[in-house]
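Novice: In the working numbering, each residue carries its 1-based index in the sequence shown increased by 16.
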Amino acid sequence: MARIFPNQPPQSVLDNPLRSGELKVFLALKSLPDTYTVFYSTHWQDQNKYKGVQEGEADFVIAHAEKGFIFLEVKGGGIRYQHENDQWYSQDRNNDYHEIKDPVEQARRNHYNIEKKLREIPGWPQYKINMWHAVCFPDVWIRPGQSLKLDLPREQILDSQDLSKIDETVSNLFAYSFGINMKDYAPGTNCIMLAEKLLANSFEFKTPLGAELENVDQKLIQLTEDQFRALQILGNRKRVAIAGCAGSGKTMLAVKKAQQFCDLGQNVLFVCFNSALADHLKTILIDATVENFHGLCALATRRLRKSIPNNVDDRRKFTELYPEYLMEFAEESDPIYDAIIVDEGQDFLENYWIALHSLLKTDGYFFIFYDDNQNIFQGSTDFGGLITEPPFQLFENCRNTKLIHETVKRYHNNPNSLTSSAPDGIAPEWIAYDNADEMKRGLSKTLHRLVIDENVSSKEIVVLTPKGDTRTVLLPGTPLGNFRLSQQSSSRQTDIMVSSIQRFKGLEKRVVIITELDPVNYMDLETLLYVGCSRARTHLIVFYNASVSIHKSPN
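(1) Would you report the Cα separation of residue 437 and residue 422, rounded to the nearest angstrom?
(2) Could you have a look at residue 328 and say whether DSSP puts it in helix, strand or coil?
(3) Can you list, in chain order, the residues of its chain whose CB lies under 6 Å from that of residue 149, leaving out five sequence neighbours each side?
(4) Return helix, strand or coil for residue 401, following the three-state DSSP convention.
(5) Go through the segment 126-163 residue by residue and report every complete run of the beta strand (DSSP E) that reaches 3 residues or more, in order.
(6) Less than 9 Å separating the beta-carbons of residue 80 and residue 58?
(7) For a quick check, are the C-beta atoms of residue 455 and residue 559 less than 9 Å apart?
(8) So, at 6 Å on beta carbons, what are the nonlocal neighbours of residue 131 in its own chain, with the 5 sequence-adjacent residues on each side left out?
(9) Can you tell me whether residue 355 is helix, strand or coil according to DSSP?
(10) Closest to residue 311 by C-alpha separation, out of 28, 40, 334, would be which residue?
(11) Since residue 362 and residue 386 should fall inside the 8 Å C-beta cutoff, what is the C-beta to C-beta distance between them, to a whole number of angstroms?
(12) Considering only the beta carbon of each residue, do residue 48 and residue 54 sit closer than 9 Å?
(13) Determine contact between the segment 319-328 and the segment 299-309, defined as no fewer than three beta-carbon pairs at a distance below 8 Å.
(14) Looking at the structure shown, is residue 470 part of a helix, part of a strand, or coil, going by DSSP?
(15) By Cβ distance below 8 Å, which residues in the same chain neighbour residue 84 in space, the five residues on each side in sequence not counted?
(16) On the criterion of 16 or more Cβ atoms from any shown chain inside 10 Å, does residue 38 qualify as buried, or is it exposed?
(17) I'd like the list of long-range same chain contacts for residue 562, defined as Cβ closer than 8 Å, with 5 residues on each side in sequence excluded.
(18) Suppose you measure from the CA of residue 514 to the CA of residue 550; what does that come to, to the nearest Å?
(19) So the candidates are 469, 158, 341, 332; which of them puts its Cα closest to the Cα of residue 318?
(20) Where does residue 367 sit, in a helix, a strand or coil, going by DSSP?
(21) Bridge partners for residue 484 per DSSP, in chain order?
(22) In whole angstroms, give me the CA-to-CA distance for residue 492 and residue 479.
(23) Apart from the five residues just before and just after residue 119, which ones in its own chain have a Cβ nearer than 7 Å to its Cβ?
(24) Is the separation between the beta-carbon of residue 477 and that of residue 528 shorter than 9 Å?
(25) Could I get the ranges of all uninterrupted alpha helix (DSSP H) runs contained in the segment 264-297, with 4 residues as the minimum, in chain order?
(26) How far does the beta strand (DSSP E) with residue 533 in it extend, from its first residue to its last?
(27) Quick one: Cα of residue 222 to Cα of residue 269, how far?
(28) Confirm, please, whether the CB-CB distance from residue 284 to residue 301 is below 9 Å.
(29) Between which residues of its own chain and residue 316 is the CB-CB distance below 7 Å, once the five residues before and five after are set aside?
What follows is the structure, encoded as structure tokens:
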């Protein structure tokens with residue numbers, strides 16, 4: 017399979033039927049051998065002292081170290097060229113014709129402007145490199161040898177049949193464009209790497225939602241084809257459980273389903289367990305009621321004008337009284353919601369389900385997203401008998417790099433069921449220490465390396481601990497060299513977010529540092545490691561006491 021940037025088209029392309037031709041070409045080029053590198057939708061800009069700023073977009077750039085570069089312009093639908101007025105037309109599915117730009121001129125313009133940019137890269141060779149352009153009409157068939165235009169020989173056109181034999185077609189295209197001496201001016205692997213640094217930077221797909229809870233733009237998750245299919249397969253079912261591993265996109269699927277109900281004008285409740293996750297999702301699901309479960313119970317308690325005595329312990333307050341008051345509130349106000357979507361369902365106790373369900377209208381929708389392997393609060397996954405069908409399963413991890421995924425699945429109860437097609441990324445770091453002071457010194461050096469030496473934004477880093485506030489030595493405000501631990505992400509470069517693993521469940525950061533794995537009786541250590549390690553999108557660092565036995569690697 018070819019290396020293609022980006023590795024999937026953006027959602028705006030997937031949802032646009034007018035760009036279905038591009039998708040056909042994308043999938044075909046993606047199936048080329050791994051010796052090819054393909055760049056999709058490469059935008060460029062240039063400045064001319066007479067005309068000012070100019071811009072354009074190359075639909076595809078096909079690169080091969082031993083062959084060269086081909087710049088490919090794609091035009092979907094039926095194609096017609098009218099010589100009398102030198103005008104190109106595209107025919108839509110209603111048989112209507114629309115004027116389009118000259119695809120040959122577009123391909124040529126993209127070719128020479130991007131070639132100019134490549135030659136400006138430091139280290140790019142001064143001698144000639146094979147570069148040419150071609151066009152693709154993915155929805156039509158053109159007879160072999162058919163005469164078209166002097167600047168458009170049949171050999172430099174890809175049609176629908178050519179896409180079905182793409183390897184042979186592209187090989188022939190390179191051979192025709194550069195001749196038998198093609199290797200004399202081949203770019204070599206160094207030029208491909210330089211081109212990748214220039215062209216691949218045009219797009220950066222964020223792999224699931226950012227974990228910053230302040231002043232951060234919503235980051236979209238690029239769901240896999242299986243995950244998109246999940247919502248379609250669910251059809252019009254009223255009661256559904258969706259199980260998925262950490263990083264499988266459960267939260268974003270839940271958000272998408274909730275938004276679908278909102279778009280239909282229905283009254284929707286979105287409930288999760290983690291208050292930090294709920295706060296984040298409130299900025300996304302503005303048309304739904306979004307609360308963490310105990311926040312919802314607290315709201316019901318206030319509306320009932322109830323008060324909980326100070327001598328009631330937290331366990332009874334949260335697991336008994338709160339659900340009871342929520343049930344009482346529902347009975348007094350009648351069912352409210354047309355649809356209830358639950359995320360982090362594995363953390364909900366048996367009586368939570370009964371209380372939640374009492375808020376649902378008789379014919380309402382009840383969707384539960386969960387990961388039984390993240391059950392760190394000993395929740396009930398029979399869902400109070402509300403779900404009778406087997407759960408729909410998500411096995412694809414689309415959050416973590418492959419090396420992090422391989423580490424995470426070591427702590428899963430069914431590791432062989434999990435898959436990942438993500439890039440390998442950087443190997444996780446495992447750093448042993450003998451005592452707390454040594455751990456804090458190592459953590460300080462690591463933060464300095466990441467932020468100062470490697471230019472990682474401090475907002476992209478979180479320090480996680482399995483210990484609560486009464487046992488940890490890494491409380492907010494703790495100094496670590498030039499850095500200071502903070503309860504939340506901060507715009508200050510010296511502030512580093514710290515959280516317990518339990519509180520950070522459901523959230524993510526680019527870099528996660530897990531600490532304080534000490535020789536204490538963690539009955540659920542592997543579950544905590546599963547949750548904690550899976551919070552890291554691109555890099556994972558684990559500080560552990562040298563006396564603690566943990567599975568550090570997939571080997």
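Where a beta carbon is used, it is the ideal one built from N, C-alpha and C, also for glycine.
In this text the structure is predicted, and so the values were computed from the model without any measurement.
Specialist: The structure says:
(1) Taking the sequence shown and counting its residues from 1, one reaches residue 437 at position 421. Taking the sequence shown and counting its residues from 1, one reaches residue 422 at position 406. So the two alpha carbons sit approximately 11 Å from each other.
(2) Counted from its first residue, the sequence shown places residue 328 at position 312. Coil, per DSSP.
(3) As a first step, residue 149 is located in the sequence shown; it is residue number 133 there, counting from the start. The beta carbon of residue 149 sits closer than 6 Å to those of 87, 123, 124, 127, all from its chain and outside the five residues before and after it, given in chain order.
(4) Counting from one through the sequence shown, the residue named residue 401 turns up at place 385. Note: residue 401 maps to helix in three-state DSSP.
(5) Correct list: 147-152.
(6) As a first step, residue 80 must be located in the sequence shown, where it is residue number 64. As a first step, residue 58 must be located in the sequence shown, where it is residue number 42. Contact flag unset, no.
(7) Residue mapping note: residue 455 aligns to position 439 of the sequence shown, counting from 1. Residue mapping note: residue 559 aligns to position 543 of the sequence shown, counting from 1. For residue 455 and residue 559, yes; Cβs fall inside 9 Å.
(8) As a first step, residue 131 must be located in the sequence shown, where it is residue number 115. Here residue 131 has 147 as same chain residues with Cβ atoms under 6 Å from its own Cβ, once five neighbours each way along the sequence are excluded.
(9) Here residue 355 corresponds to residue number 339 of the sequence shown, with the count starting at 1. Secondary structure of residue 355 (DSSP, three-state): strand.
(10) Against the sequence shown, residue 311 aligns to sequence position 295. The residue with the shortest Cα to Cα distance from residue 311 is 334.
(11) Looking up residue 362 in the sequence shown gives position 346. Looking up residue 386 in the sequence shown gives position 370. Between residue 386 and residue 362 the Cβ distance is about 4 Å, and since that is below 8 Å, they are a contact.
(12) Your numbering for residue 48 matches position 32 in the sequence shown. Your numbering for residue 54 matches position 38 in the sequence shown. The answer is yes: Cβ separation under 9 Å.
(13) No, they do not touch.
(14) The residue given as residue 470 occupies position 454 in the sequence shown. Assignment of residue 470 by DSSP, reduced to helix, strand and coil, places it in the coil class.
(15) As a first step, residue 84 must be located in the sequence shown, where it is residue number 68. Result list for residue 84: 145, 146, 147, 148, 190, 193, 194, 198, 201, 202, 203, in chain order.
(16) Mapped onto the sequence shown, residue 38 falls at position 22. With 16 or more other CB atoms across the displayed protein chains lying within 10 angstroms of its CB, residue 38 is buried.
(17) For the purposes of this step, residue 562 is taken as the residue at position 546 of the sequence shown. Taken in chain order, the residues that qualify are 448, 449, 450.
(18) On the sequence shown, position 498 is the one that residue 514 refers to. On the sequence shown, position 534 is the one that residue 550 refers to. Going by the C-alpha atoms only, they are around 16 Å apart.
(19) One-based indexing of the sequence shown puts residue 318 at position 302. When the alpha-carbon of residue 318 is set against those of 469, 158, 341, 332, the nearest one is in 341.
(20) Working through the sequence shown from its first residue, we reach residue 367 at position 351. When DSSP states are grouped into helix, strand and coil, residue 367 belongs to the helix group.
(21) Residue mapping note: residue 484 aligns to position 468 of the sequence shown, counting from 1. Answer is none; residue 484 lacks a bridge partner.
(22) Position 476 of the sequence shown, counted from the first residue, corresponds to residue 492. Position 463 of the sequence shown, counted from the first residue, corresponds to residue 479. Distance between the alpha carbons of residue 492 and residue 479: 11 Å.
(23) One-based indexing of the sequence shown puts residue 119 at position 103. If you ignore the 5 residues before and after residue 119, its C-beta comes within less than 7 Å of the C-beta of 89, 91, 104, 151, all in its own chain and listed in chain order.
(24) Translated into positions along the sequence shown, residue 477 becomes position 461. Translated into positions along the sequence shown, residue 528 becomes position 512. Yes, the pair counts as a contact, with Cβ atoms nearer than the cut-off.
(25) Listed in chain order, the alpha helix (DSSP H) runs fully inside the segment 264-297 are 266-279, counting runs of at least 4 residues.
(26) In the sequence shown, residue 533 corresponds to position 517, counting from 1. The continuous beta strand (DSSP E) containing residue 533 extends over residues 525-533.
(27) Locating residue 222 in the sequence shown gives position 206, where the first residue counts as 1. Locating residue 269 in the sequence shown gives position 253, where the first residue counts as 1. Residue placement at residue 222 is flagged as unreliable, the pLDDT there being 35, under the threshold of 50; the coordinate-derived value follows with that caveat. Approximately 16 Å, taken between the alpha carbons.
(28) As a first step, residue 301 must be located in the sequence shown, where it is residue number 285. As a first step, residue 284 must be located in the sequence shown, where it is residue number 268. Yes, Cβ-Cβ distance for residue 301 and residue 284 is below 9 Å.
(29) Indexing the sequence shown from 1 puts residue 316 at position 300. Excluding positions up to five away in sequence, the list reads 341, 342, 345.
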